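First the structure, in the form of structure tokens, and then the observations on it.
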Amino acid sequence: MTRPSSPLFLLLLWLCAAAAARAGMPVQVTVEPLAFLLERIGGDEVEVQVLVPAGRSPEGYDPSPKEMARLANSCLWFRVRLPVEQALLERVTAVNPALQVVDLLEGLPLRPLPDAAGHPHPGEQWDPHVWTDPVLMKRLAARVRDVLGGRDPSAREVYARNYQDLARELDGLDRWIRQQLAPYRDRAFMSFHPAWGYYAAAYDLRQLVIEQQGKSPSPRHLVELAELARGEGVAGIVVQPQHPQGPARALARSLGLRVVVLDPLARDYLDNMRRVTRALVELFRSGAR
3 MTRPSSPLFL LLLWLCAAAA ARAGMPVQVT VEPLAFLLER IGGDEVEVQV
53 LVPAGRSPEG YDPSPKEMAR LANSCLWFRV RLPVEQALLE RVTAVNPALQ
103 VVDLLEGLPL RPLPDAAGHP HPGEQWDPHV WTDPVLMKRL AARVRDVLGG
153 RDPSAREVYA RNYQDLAREL DGLDRWIRQQ LAPYRDRAFM SFHPAWGYYA
203 AAYDLRQLVI EQQGKSPSPR HLVELAELAR GEGVAGIVVQ PQHPQGPARA
253 LARSLGLRVV VLDPLARDYL DNMRRVTRAL VELFRSGAR
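For the sequence shown, our numbering assigns the number 3 to the initial residue and increments by one for each residue that follows.
Right, here's the structure in full:
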């Protein structure tokens with residue numbers, strides 16, 4: 003490990019500062035919603051790269067050599083404890099010991115990944131999808147503001163202004179979602195991948211999960227899920243474009259439920275969260291009780 007005072011470490015820091023002065027500080031995020039966050043807070047002061055391309059799932063993603071090189075040449079890496087991040091962390095920091103790795107989940111009220119009935123399993127892997135709750139997204143934004151300001155004090159006021167603008171929009175989004183979902187408190191929906199736990203908790207909904215420990219359900223488990231869905235009055239089934247949809251659609255056909263495709267990894271965060279909310283409202287209006 004290169005020491006913080008070593009010539010190599012200091013050279014890497016100087017190269018990072020030079021890149022920032024020339025074309026924006028190179029920063030890395032793992033998924034698209036975090037790119038939205040960095041672009042809104044950092045503006046022209048940052049150059050944002052996304053590790054996992056749009057349309058791909060972070061689960062099991064294997065970066066190309068070009069993607070690894072971009073990550074290794076960044077000044078900052080904002081992460082949310084996805085397995086792909088943990089797998090790459092030691093390799094990347096060995097190449098670039100000056101890379102500042104920022105754990106955005108630090109200090110947040112995290113939820114363990116749930117079982118099929120939506121019950122958390124303490125001691126299991128933490129759910130990383132915190133951005134699906136706009137209130138937690140606002141806390142991520144504040145963290146990004148502080149980290150960027152600490153790394154680039156000359157632009158601290160820019161980051162602060164950008165944060166204030168985004169915070170107002172996130173507050174407005176939260177109020178709007180709360181108003182839209184108020185009539186559907188305690189309603190249940192089923193999701194193939196457990197991506198909506200923070201959203202459901204924030205707005206008094208219940209997310210039931212088809213996938214278990216990253217695997218598609220067995221035929222026996224599908225039968226159990228059908229019984230669970232009937233008992234809980236599930237309104238519909240949510241799938242996402244990055245994951246298999248066959249098991250969820252088969253389950254939906256057997257229950258006569260609608261399937262909606264919602265993307266927790268979309269880059270246009272504000273518009274996407276409104277799309278998600280409108281789709282769920284429509285499910286609850288037309289679905290079972």
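From the three backbone atoms N, C-alpha and C, an ideal C-beta is built for every residue, glycine too.
None of the values given here were measured: they were computed from a predicted structure.
Checklist entry - Do you know how far the Cα of serine 256 is from the Cα of valine 29? => result Distance between the alpha carbons of valine 29 and serine 256 is about 46 Å.
Checklist entry - Would you call the CB atoms of leucine 138 and aspartate 129 closer than 7 Å? => result Note that the C-beta distance between leucine 138 and aspartate 129 is not below 7 Å.
Checklist entry - Roughly how many angstroms separate the alpha carbons of serine 218 and alanine 203, rounded to a whole number? => result Roughly 24 Å separates the two Cα atoms.
Item to check | Contact check, aspartate 310 vs proline 136, beta carbons under 7 Å | outcome: Here the chain covers residues 3 to 291 and nothing more, so residue 310 does not appear.
Checklist entry - Would the beta-carbon of glutamate 87 fall within 7 Å of that of threonine 32? => result Cβ distance < 7 Å, so glutamate 87 and threonine 32 count as in contact.
Checklist entry - Taking the C-alpha atoms as reference points, what is the distance between alanine 190 and glutamate 234? => result Alanine 190 and glutamate 234: Cα-Cα distance of roughly 7 Å.
Checklist entry - For aspartate 265, which three-state DSSP category applies? => result In the structure shown, aspartate 265 falls within a coil segment according to DSSP collapsed to helix, strand and coil.
Item to check | Proximity winner among Leu224, Tyr200 and Ser220, relative to proline 266 (alpha-carbon distances) | outcome: Cα-wise, what sits closest to proline 266 is Tyr200.
Next on the checklist: Are the CB atoms of valine 241 and glutamine 247 within a distance shorter than 7 Å?
Outcome noted: Taking 7 Å as the Cβ cut-off, glutamine 247 and valine 241 qualify as a contacting pair.
Item to check | Host alpha helix (DSSP H) of proline 60 (start-end) | outcome: That residue, proline 60, is in no alpha helix (DSSP H); it is neither H nor E in DSSP.
Checklist entry - With 16 other CB atoms within 10 Å as the buried threshold, where does proline 221 fall? => result Proline 221 is exposed by the Cβ-count criterion.
Item to check | Sequence-distant residues of its chain with Cβ nearer than 7 Å to leucine 264 (five each side left out) | outcome: Around leucine 264: Val240, Gln242, Val278 and Ala281.
Next on the checklist: Nearest by alpha-carbon distance to serine 76: which of Leu53, Pro60 and Val82 is it?
Outcome noted: Of Leu53, Pro60 and Val82, the residue nearest in Cα terms is Leu53.
Next on the checklist: On the CB-based measure, 16 or more other CB atoms within 10 Å of its CB, does serine 156 come out buried or exposed?
Outcome noted: Flag for serine 156 reads exposed.
Item to check | Whole-number beta carbon distance between alanine 231 and leucine 285, since they are thought to touch under 8 Å | outcome: The pair is not a contact, with the Cβ atoms about 13 Å apart (cut-off 8 Å).
Next on the checklist: DSSP three-state label for isoleucine 179, please.
Outcome noted: Helix.
Item to check | Counterpart residues of aspartate 105 in DSSP-defined beta bridges | outcome: Looking at the DSSP assignment, aspartate 105 forms a beta bridge with Arg81.
Checklist entry - Mind checking whether arginine 170 and tyrosine 161 have CB atoms under 7 Å apart? => result Contact check for arginine 170 against tyrosine 161 fails: the beta carbons are separated by 7 Å or more.
Next on the checklist: Suppose you measure from the CA of glutamine 51 to the CA of glycine 109; what does that come to, to the nearest Å?
Outcome noted: Take the alpha-carbon of glutamine 51 and the one of glycine 109: they are about 25 Å apart.
Next on the checklist: Starting from leucine 210, trace the beta strand (DSSP E) in both directions and tell me its first and last residue.
Outcome noted: Where leucine 210 is concerned, the enclosing beta strand (DSSP E) stretches over 208–211.
Next on the checklist: Assuming contact is defined by CB atoms lying nearer than 7 Å, are phenylalanine 80 and leucine 36 in contact in what I supplied?
Outcome noted: When the beta-carbon positions are compared, phenylalanine 80 and leucine 36 come within less than 7 Å of each other.
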